[in-house]
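Engineer: First the structure, which I've put down as structure tokens, then a few questions once you've had a look.
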Amino acid sequence: MSSTSAFRIGSLTFTHSGGRDYNEDAIGQCEAFGAVQLFLLADGAGGQGGGDVASRTAIDAAKAVFMGLPVFSPDTLQLCIEKADEAVISKQKNESRLAHMASTFVAVMINYERRQALLGNLGDSRCYIFRGDRVIAQSYDHSLVQRFVDAGLYPVDKLRQHPRRNVLYASLGANAEKIAPYITKTPIELQTGDAVMLCSDGVWELLEDQVLCELNRSSETIEIWASRLQQLVQTSMPAGHDNYSAVLIRVLPNELEESGDELNTVIPMMWG
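Our numbering applies: residue -13 is where the sequence shown begins, and numbers increase by one.
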């Protein structure tokens, strides 16, 4: 973190296998020259030995792009996703056991000096930006049910209950329609107190958006937010529930707070 940053951020991450015997989610972050930081999350599919490879391959490829081109722009974010897709496809072709693997992908790029964020995704892993009791920005689900919602055929407030909510029409390594990733073309202005959450569907499909927003708003520290979120997922999930992972970020004042919040910290899994 640069000492000349316009603001500071605190971040915590967690990932857990949920009700499964293996974890196909992956998370990552990287910082360039202290001014721009990239946070990433991917949710793989393809079974043990497949989905975990897809998600980690995607994260590593995107980080490599960003470190080679650390420019805060929608084009950089799009290139990260495109190269992640190419890396997954390359492994599909070179290793027969990985032929059917795929992965979702979501990322947020934060510029400290400009106080701005860009978000992008492919699939149904999500990014939320919270301000007070509102969601001010959100990624887009490339799912069959979201298409129903867009066409006016299904109510958005019932999306989480649809039996085919997990059916995707675009993800890394599985994008026959050549759907472009969702990218915010105009940077989102951030304020002190704003919060960002990247999460896999193992988190958001259990908890309504307003619940997610309230969890952040009512949690005094990012550590409390992370703990309460994990506890709620754990108590809400059915047997055999999917892996669940999140990257939690808060925009903090410039001045050091007496609470002594840790910055850019990875906390251990609370269960498993």
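By construction, the Cβ of each residue, glycine as well, lies at the ideal position given by its N, Cα and C atoms.
Q147: which of A162, L192, A160 and D180 sits nearest, CA to CA?
Structural biologist: Of the candidates A162, L192, A160 and D180, the one whose C-alpha sits nearest the C-alpha of Q147 is L192.
Engineer: Starting from S222, trace the alpha helix (DSSP H) in both directions and tell me its first and last residue.
Structural biologist: I208 to S222 is the span of the alpha helix (DSSP H), which, as asked, contains S222.
Engineer: For the structure I just gave you, are there three or more beta carbon pairs, one from the segment 48 to 58 and one from the segment 15 to 26, closer than 8 Å?
Structural biologist: Because the criterion of three Cβ pairs below 8 Å is met, the segment 48 to 58 and the segment 15 to 26 touch.
Engineer: If you drop the 5 nearest sequence neighbours on each side, which residues of the same chain put their C-beta closer than 8 Å to that of E163?
Structural biologist: Closer than 8 Å at the Cβ level, and outside the excluded window around E163, lie Y155 and A156.
Engineer: When DSSP labels each residue in this structure, what does G37 get in the three-state scheme?
Structural biologist: Correct three-state label for G37: helix.
Engineer: For the alpha helix (DSSP H) containing E259, list its first residue and its last residue.
Structural biologist: The displayed coordinates of the chain run from -13 to 258. Any statement about residue 259 would go beyond what the structure contains.
Engineer: Answer with buried or exposed for N97, where buried requires no fewer than 16 other C-beta atoms within 10 angstroms of its C-beta.
Structural biologist: Buried: at least 16 other Cβ atoms inside 10 Å.
Engineer: Going by the CB atoms, is the gap between C113 and V92 shorter than 9 Å?
Structural biologist: Contact: yes.
Engineer: Taking only three categories from DSSP, how would you classify R83?
Structural biologist: Note: R83 maps to helix in three-state DSSP.
Engineer: Under three-state DSSP, which class holds D195?
Structural biologist: D195: helix per DSSP, three-state reduction.
Engineer: Write down the C-beta distance between L198 and V233 rounded to the nearest angstrom, noting that I regard them as a contact closer than 8 Å.
Structural biologist: Not really, about 13 Å apart at Cβ, beyond 8 Å.
Engineer: Just to confirm the assignment: which complete beta strand (DSSP E) runs, minimum length 3, are found wholly within the segment 138 to 203?
Structural biologist: Runs of the beta strand (DSSP E) inside the segment 138 to 203: 181 to 185.
Engineer: By the three-class DSSP mapping on this structure, what secondary structure does D136 have?
Structural biologist: Three-state result, D136: helix.
Engineer: Leaving aside the five residues before and after A48 along the sequence, list all residues of the same chain whose C-beta is less than 8 Å from its C-beta, in chain order.
Structural biologist: Cβ neighbours of A48 beyond the five flanking positions: G14, L24, L26, C66, I67, K69, A70, F91 and A93.
Engineer: Using three-state DSSP, classify A48 as helix, strand or coil.
Structural biologist: The answer is helix: DSSP assigns A48 an H, G or I state.
Engineer: Output the distance between the C-alpha atoms of D119 and S205, rounded to the nearest integer angstrom.
Structural biologist: Using only the alpha carbons, I get a separation of about 12 Å.
Engineer: Check the C-beta distance from D29 over to D136 and give it rounded, since I have them as a contact under 8 Å.
Structural biologist: Actually they do not touch by this definition, with Cβ atoms about 22 Å apart.
Engineer: Inspect the beta-carbon positions of F(-7) and L201 and report whether they are closer than 9 Å.
Structural biologist: Not in contact: F(-7) and L201 (Cβ atoms no closer than 9 Å).
Engineer: Whole-angstrom Cβ separation of A40 and V74, contact assumed at under 8 Å?
Structural biologist: Correct: roughly 5 Å between the Cβ atoms.
Engineer: Compare the C-alpha of R133 against each of I122, A123, I115 and V153 and name the closest.
Structural biologist: Of the candidates I122, A123, I115 and V153, the one whose C-alpha sits nearest the C-alpha of R133 is V153.
Engineer: Going along the chain, which residues of its own chain have a beta-carbon closer than 7 Å to the beta-carbon of R214, five neighbours each way excluded?
Structural biologist: Once the five neighbours on either side are set aside, the close Cβ partners of R214 are L201 and S205.
Engineer: What is the DSSP secondary structure of G54, reduced to helix, strand or coil?
Structural biologist: Correct three-state label for G54: helix.
Engineer: Tell me the residue span of the beta strand (DSSP E) that contains T(-1).
Structural biologist: Here the beta strand (DSSP E) through T(-1) covers R(-6) to H2.
Engineer: Out of M87, W190 and E72, state which residue places its alpha-carbon closest to the alpha-carbon of R151.
Structural biologist: Of M87, W190 and E72, the residue nearest in Cα terms is W190.
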